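Peer 1: Here's a structure for you.
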Ligand SMILES: [Zn+2]
């Protein structure tokens, strides 16, 4: 692979030193994904493939305002272990590993760090790792995602307006993730095996799809509610929808990087 100027780990240390000294300083993205089942129709690399594909284009288009670390490929995944191939790292190990990556970046002087989560169950750990980085270093470390199945906040308007499957279609190995893979890696998708499976509950106070709020949440073992690792409507996914979501995600993510990059680091006051 040729040297990519947006890849954090492709820089030499003198180039890194110069990047740290730039004003405004680049934002550093730390992606963390998973290796886990994504239905009978997609490879178990799907979460990492989406992270890598979207962040590579964000890095190119951000023109020096974003440095992207290699994807941390494993996360909290015990609840998927009934499906062959899943790699499960426990909560404490994932939190320790991720927070130490973020703290390392901050110790070199980077002030704005994005933990970019590609796998829903890493979310709480990402939040805690970011907190730990803020408290230990004073840098601003935030969590976000480029995968709308993890959190749709960045692109919810487009996702809602243009998805075909209606309520519940976007969850996991779903309409969104299948469409993204049809765009990024069609060779890893077998559409003849893709179908609709919405095993999750929809009750008065509980549901797992947006935009309706859920008053409580929990995560069950995946094999308890999903037949083959799909939760959503994989069958209606199209490459065109994937391309549309890819484009809007990249455009907004780069804009968000530039907003985040300019947040000043506030000064603490010791009132003792
Ligand atoms: Zn996924």
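Residue numbers (the numbering used here): 7 to 278.
Positions of the beta carbon are idealized from the N, C-alpha and C atoms, including for glycine.
This one's a predicted model, so the numbers in the text were calculated from it and none came from an experiment.
Determine whether the beta carbon atoms of residue 99 and residue 121 lie at a separation below 8 Å.
Peer 2: Position 93 of the chain shown holds residue 99. Position 115 of the chain shown holds residue 121. It is not a contact, given that the beta carbons lie outside the stated cut-off.
Peer 1: Using a 10 Å radius around the Cβ and a threshold of 16 neighbouring Cβ atoms, would you call residue 211 buried or exposed?
Peer 2: Position 205 of the chain shown, counted from the first residue, corresponds to residue 211. That one is exposed.
Peer 1: CB-CB under 8 Å to residue 161, same chain, minus the five flanking residues each way: which ones, in chain order?
Peer 2: Numbered from its first residue, the chain shown carries residue 161 at position 155. Excluding positions up to five away in sequence, the list reads 154, 251, 254, 255 and 258.
Peer 1: What did DSSP end up calling residue 242 once you bin it into helix, strand or coil?
Peer 2: Against the chain shown, residue 242 aligns to sequence position 236. It is helical.
Peer 1: With a threshold of 7 Å (Cβ to nearest heavy atom), would residue 181 be considered close to ligand 2?
Peer 2: Among the ligands present in this structure, namely ligand 1, ligand 2 is not found.
Peer 1: Return the bridge partner residues of residue 119 from the DSSP annotation.
Peer 2: Position 113 of the chain shown holds residue 119. Paired residues: 34 and 147.
Peer 1: Nearest to residue 41 by CA position, among 180, 90 and 26, is which residue?
Peer 2: Your numbering for residue 41 matches position 35 in the chain shown. Looking at the Cα atoms, 90 is the closest of the given residues.
Peer 1: DSSP has residue 74 in a bridge; who is on the other side?
Peer 2: On the chain shown, position 68 is the one that residue 74 refers to. According to DSSP, residue 74 bridges with 13 and 35.
Peer 1: Is there at least one non-hydrogen atom of ligand 1 closer than 7 Å to the beta-carbon of residue 255?
Peer 2: Here residue 255 corresponds to residue number 249 of the chain shown, with the count starting at 1. Not so, every heavy atom of ligand 1 lies at least 7 Å from the Cβ.
Peer 1: Residue 226: buried (16+ other C-beta within 10 angstroms of its C-beta) or exposed?
Peer 2: The residue you call residue 226 lines up with position 220 of the chain shown. By the neighbour-count rule (16 or more Cβ atoms within 10 Å), residue 226 is not buried but exposed.
Peer 1: Cα-Cα, which of 44, 248, 68 and 51 is closest to residue 13?
Peer 2: Locating residue 13 in the chain shown gives position 7, where the first residue counts as 1. Checking every option, the nearest Cα to that of residue 13 belongs to 68.
Peer 1: Considering Cα atoms alone, identify which of 115, 239 and 95 is closest to residue 179.
Peer 2: In the chain shown, residue 179 corresponds to position 173, counting from 1. Nearest option by C-alpha distance: 239.
Peer 1: Taking DSSP's pairing of strands, which residues face residue 202 in a bridge?
Peer 2: Here the question's residue 202 lines up with position 196 in the chain shown. Answer is 239.
Peer 1: Where residue 184 and residue 195 are concerned, what is the direct C-alpha to C-alpha distance, given to the nearest angstrom?
Peer 2: Taking the chain shown and counting its residues from 1, the one referred to as residue 184 is at position 178. Taking the chain shown and counting its residues from 1, the one referred to as residue 195 is at position 189. The alpha-carbon atoms of residue 184 and residue 195 are separated by roughly 7 Å.
Peer 1: Can residue 145 and residue 167 be called in contact, C-beta distance under 8 Å?
Peer 2: As a position in the chain shown, residue 145 is number 139, starting the count at 1. As a position in the chain shown, residue 167 is number 161, starting the count at 1. No, these two residues do not count as a Cβ contact at 8 Å.
Peer 1: First and last residue of the alpha helix (DSSP H) that includes residue 65?
Peer 2: As a first step, residue 65 must be located in the chain shown, where it is residue number 59. Looking at the DSSP string, the run of the alpha helix (DSSP H) that includes residue 65 is 52-68.
Peer 1: Rounded to the nearest angstrom, what separates residue 130 and residue 94 at their Cα positions?
Peer 2: Counting from 1 along the chain shown, the entry for residue 130 is found at position 124. Counting from 1 along the chain shown, the entry for residue 94 is found at position 88. Going from the Cα of residue 130 to the Cα of residue 94 covers about 16 Å.
Peer 1: Could you check if residue 28 is buried or exposed, using at least 16 other CB atoms within 10 Å of its CB as the buried criterion?
Peer 2: The sequence position of residue 28 within the chain shown is 22, counting from 1. Classification for residue 28: exposed.
Peer 1: State yes or no: is the C-beta of residue 149 nearer than 7 Å to some heavy atom of ligand 1?
Peer 2: Position 143 of the chain shown holds residue 149. Residue 149: no, Cβ never under 7 Å from ligand 1.
Peer 1: Can you tell me whether residue 222 is buried or exposed? The criterion is at least 16 other CB atoms within 10 Å of its CB, across all chains shown.
Peer 2: Translated into the one-based positions of the chain shown, residue 222 becomes position 216. Burial call: exposed.
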